[in-house]
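**Student:** When we follow full-length UniProt numbering, the leftmost residue of the sequence shown carries the number 1, and every step to the right adds one.
All residues carry an ideal CB built from backbone N, CA and C; glycine is no exception.
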Amino acid sequence: MYLNAIEEKILSGEYGEVLRKAMEVVVKVGEVLGAERLIDITHAHISGVSYFNIGDDGLEFLKDLKQRGAKVRVYTTANPYSLAGLSLYKDENINKKQIEIIKTLIELGIDPGSFTCTPYEIRRPSIGEHLAWAESSAVIYANSLLGAFTNRESGITALMSALIGKTYDAGMHRVENRVATEEIHIQFDIDSILFASLLGLYIGRVTKGIPYIKARYRAENNAMLNLFLKNMLASIASTSNSSMAILDSITPPNTFKRDDHIEKISIDEKELKYDVACQSDTLLLGCPHLSYEEIMTLFRSKYMEIFKRYGINKIVVTAVSNIIRYDVEIKEVIRRIRAMYNIDIEVLPGACAVVSNLKMLKIESIYTPHGKALHYLYNLSGAMPCSINV
Ligand code: F3S
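Written out as structure tokens, the structure reads:
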């Protein structure tokens with residue numbers, strides 16, 4: 001791989017051991033993927049923030065980096081933390097360790113106002129920007145909807161890129177690799193988060209790489225349309241390694257190439273698995289995290305009436321951290337919902353329930369319309385996910 005003079009110096013250790021190691025990791029991954037050079041990035045996003053996922057070893061690794069003076073060189077955001085970050089566990093040691101991870105990441109230079117899986121709600125990348133993002137749901141959103149360029153990094157490679165401000169020029173960073181592998185025709189109108197999710201989980205299972213999706217969306221407003229798209233994309237990324245889907249008439253032109261000689265696949269609503277067998281009195285909303293507009297859309301009476309019919313009396317909402325700007329408005333709506341529907345709502349900015357041990361919080365099962373949560377909840381949290389049609 002060609003490296004410029006500064007990059008060579010970093011790799012030879014002239015700028016210290018931390019940067020040398022970071023450069024070595026990024027160059028090695030790039031060489032494996034056939035990159036001929038490094039490119040500058042504008043924004044890194046790291047995953048692997050939950051204590052339940054990274055444990056003591058992960059925490060020690062981050063503390064070691066901090067002790068050696070590591071600091072990110074570009075704007076960097078981080079994924080949500082587990083519910084231990086809100087001190088929700090009886091085991092004080094778990095809460096303490098999660099808070100230590102958050103603190104260490106902030107000391108490394110990560111935006112303290114981030115901790116979200118929707119970093120594009122904190123800083124929206126422009127078309128053509130190069131990023132080094134981990135978090136599969138954010139990566140596929142950035143490539144498919146925003147026209148940004150990012151590979152699906154691991155937590156480690158995204159962090160190493162954040163430290164040197166660069167990534168390797170390969171994979172999704174090159175337009176010639178952003179070509180659809182099959183054309184998917186959806187035979188029904190997408191009109192709910194659940195069906196957008198089920199469809200995404202299905203597409204993820206049949207795609208060989210980058211699906212070109214032709215679909216009609218029937219949404220009441222832009223926030224709901226965004227919910228359909230982001231849940232479909234997050235679900236595709238849950239059942240596949242895809243880091244992009246080309247959405248007909250939506251994905252920005254010139255950020256992908258067309259190939260008309262690809263397999264055509266048609267998907268009917270009947271092919272989607274919709275399991276209603278399990279029950280709960282609790283609902284999880286916000287996987288990926290909800291924005292203020294999305295929260296307000298889902299807090300409408302029409303949805304509360306559906307939730308009541310399912311027997312729900314508690315809603316846990318995980319959301320992007322910047323919704324605290326609307327704290328007063330949100331609290332007022334929650335007060336009214338409690339009075340009218342007897343439903344308790346807890347909004348948790350910065351946290352992720354899926355990467356938390358819900359069994360330790362005595363949650364055995366939970367309703368959710370989100371495909372990514374339906375796919376991962378049981379294995380990661382121990383709670384059984386039940387699908388709800390909203
Ligand atoms: Fe976000 Fe957690 Fe879901 S990180 S996408 S809320 S699994």
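Is the beta carbon of Pro369 within less than 8 Å of some heavy atom of ligand 1?
**Tutor:** In the sequence shown, residue 369 corresponds to position 369, counting from 1. Pro369 Cβ: outside cutoff for every heavy atom of ligand 1.
**Student:** Assuming Ile312 is part of the alpha helix (DSSP H), what are its boundary residues?
**Tutor:** Here residue 312 refers to the residue found at position 312 of the sequence shown. Where Ile312 is concerned, there is no enclosing alpha helix (DSSP H), given that its DSSP letter is neither H nor E.
**Student:** Roughly how many whole angstroms lie between the Cα atoms of Ser266 and Tyr141?
**Tutor:** Numbered from 1 along the sequence shown, position 266 holds the residue referred to as residue 266. Numbered from 1 along the sequence shown, position 141 holds the residue referred to as residue 141. Roughly 23 Å between the two C-alpha positions.
**Student:** Applying the 10 Å Cβ sphere with the 16-neighbour rule, what's the burial state of Glu220?
**Tutor:** As a working note, residue 220 is residue 220 in the sequence shown. It is exposed - the Cβ of Glu220 has fewer than 16 other Cβ atoms within 10 Å.
**Student:** Please state whether the Cβ-Cβ distance between Asp248 and Ile213 is less than 9 Å.
**Tutor:** The residue you call residue 248 lines up with position 248 of the sequence shown. The residue you call residue 213 lines up with position 213 of the sequence shown. Closer than 9 Å, so yes.
**Student:** Hey, is Gly34 close to ligand 1, as in C-beta under 8 Å from one of its heavy atoms?
**Tutor:** Within the sequence shown, numbered from 1, the residue matching residue 34 stands at position 34. For ligand 1, not one heavy atom lies less than 8 Å from the Cβ of Gly34.
**Student:** Tell whether a beta-carbon distance below 9 Å holds between Pro288 and Cys117.
**Tutor:** Here residue 288 refers to the residue found at position 288 when the sequence shown is read from its first residue. Here residue 117 refers to the residue found at position 117 when the sequence shown is read from its first residue. Their beta carbons are under 9 Å apart, which means Pro288 touches Cys117 by this criterion.
**Student:** Count the CB pairs spanning the segment 132-140 and the segment 103-114 that are closer than 8 Å, and state whether there are at least three.
**Tutor:** Output reads no: the segment 103-114 does not touch the segment 132-140.
**Student:** Measure from the alpha carbon of Asn177 to the alpha carbon of each residue in Pro385, Asn254 and Ala5, then state which is nearest.
**Tutor:** Against the sequence shown, residue 177 aligns to sequence position 177. The residue with the shortest Cα to Cα distance from Asn177 is Asn254.
**Student:** Taking the beta carbon of Ser235 as the centre, do at least 16 other beta carbons fall within 10 Å, making it buried, or is it exposed?
**Tutor:** Here residue 235 refers to the residue found at position 235 when the sequence shown is read from its first residue. Burial call: buried.
**Student:** Check whether the Cβ of Val354 sits closer than 8 Å to any heavy atom of ligand 1, and report yes or no.
**Tutor:** For the purposes of this step, residue 354 is taken as the residue at position 354 of the sequence shown. Yes.
**Student:** Taking the DSSP output, what are the residues bridged to Tyr386?
**Tutor:** Translated into positions along the sequence shown, residue 386 becomes position 386. According to the sequence as given, residue 386 is Cys; it is not Tyr. Answer is Tyr367, bridged to Cys386.
**Student:** Residue 406 by DSSP, collapsed to three states: which one?
**Tutor:** Nothing about residue 406 can be reported from this structure: the residues present for the chain run from 1 to 390 only.
**Student:** Measuring from the CB of Gly286, is there a heavy atom of ligand 1 at a distance below 8 Å?
**Tutor:** Counted from its first residue, the sequence shown places residue 286 at position 286. True, at least one ligand heavy atom lies under 8 Å from that Cβ.
**Student:** Quick one, which of Ile203, His261, Ala180 and Val354 has its alpha-carbon nearest Val49's?
**Tutor:** Your numbering for residue 49 matches position 49 in the sequence shown. Comparing Cα-Cα distances from Val49 to each of Ile203, His261, Ala180 and Val354, the minimum goes to Val354.
**Student:** Can you give the beta carbon distance from Gln279 to Cys352, rounded, assuming they're within the 8 Å contact cut?
**Tutor:** Locating residue 279 in the sequence shown gives position 279, where the first residue counts as 1. Locating residue 352 in the sequence shown gives position 352, where the first residue counts as 1. So it is not a contact: roughly 23 Å between Cβ atoms.
**Student:** From this set, Val32, Ile41, Leu285 and Leu19, which residue's C-alpha is nearest Met1's C-alpha?
**Tutor:** Residue mapping note: residue 1 aligns to position 1 of the sequence shown, counting from 1. Selected option, being the one with the closest Cα: Val32.
**Student:** Which first and last residues belong to the alpha helix (DSSP H) in which Leu233 is found?
**Tutor:** Counted from its first residue, the sequence shown places residue 233 at position 233. Per DSSP, Leu233 belongs to the alpha helix (DSSP H) from Asn222 to Thr239.
**Student:** Just mark Arg152 as buried or exposed, buried being the case when its beta carbon has 16 or more other beta carbons within 10 Å.
**Tutor:** Mapped onto the sequence shown, residue 152 falls at position 152. So Arg152 counts as buried.
**Student:** Alpha carbons only, please: which of Asn226, Ile306, Met296 and Ile39 is nearest the one belonging to Ile334?
**Tutor:** Locating residue 334 in the sequence shown gives position 334, where the first residue counts as 1. Checking every option, the nearest Cα to that of Ile334 belongs to Met296.
**Student:** If I'm right that Leu199 touches Ile193 with Cβ under 8 Å, what's the distance once you round it to whole angstroms?
**Tutor:** Reading the sequence shown from its first residue, position 199 is the one you call residue 199. Reading the sequence shown from its first residue, position 193 is the one you call residue 193. Leu199 to Ile193, Cβ: 11 Å. No contact.
**Student:** Am I right that Val72 and Ile110 are in contact with their C-beta atoms under 8 Å? What's the rounded C-beta distance?
**Tutor:** Here residue 72 refers to the residue found at position 72 when the sequence shown is read from its first residue. Here residue 110 refers to the residue found at position 110 when the sequence shown is read from its first residue. Right, their Cβ atoms sit about 7 Å apart.
**Student:** Restricting to Cα atoms, I'd like to know which of Asp275, Glu332, Ala78 and Glu182 is closest to His261.
**Tutor:** What you label residue 261 is simply residue 261 of the sequence shown in a count that begins at 1. Of the listed residues, the one whose Cα sits closest to His261 is Glu182.
**Student:** Could you tell me the alpha carbon to alpha carbon distance between Arg124 and Met340, rounded to whole angstroms?
**Tutor:** Position 124 of the sequence shown, counted from the start, is the residue given in the question as residue 124. Position 340 of the sequence shown, counted from the start, is the residue given in the question as residue 340. Near 36 Å, if we compare the C-alpha coordinates of Met340 and Arg124.
**Student:** Shortest alpha-carbon distance to Gly155 belongs to which of Tyr202, Thr77, Gly171 and Glu14?
**Tutor:** The residue labelled residue 155 in the question sits at position 155 within the sequence shown. Considering only alpha carbons, the answer is Thr77.
**Student:** Let me check one thing: in DSSP terms, what residues is Ser266 bridge-paired to?
**Tutor:** For this step, residue 266 is matched to residue 266 along the sequence shown. DSSP lists His185 as partners of Ser266.
**Student:** Taking only heavy atoms of ligand 1 into account, decide whether any of them is closer than 8 Å to the Cβ of Asn143.
**Tutor:** Looking up residue 143 in the sequence shown gives position 143. No, Cβ of Asn143 sits at least 8 Å from all heavy atoms of ligand 1.
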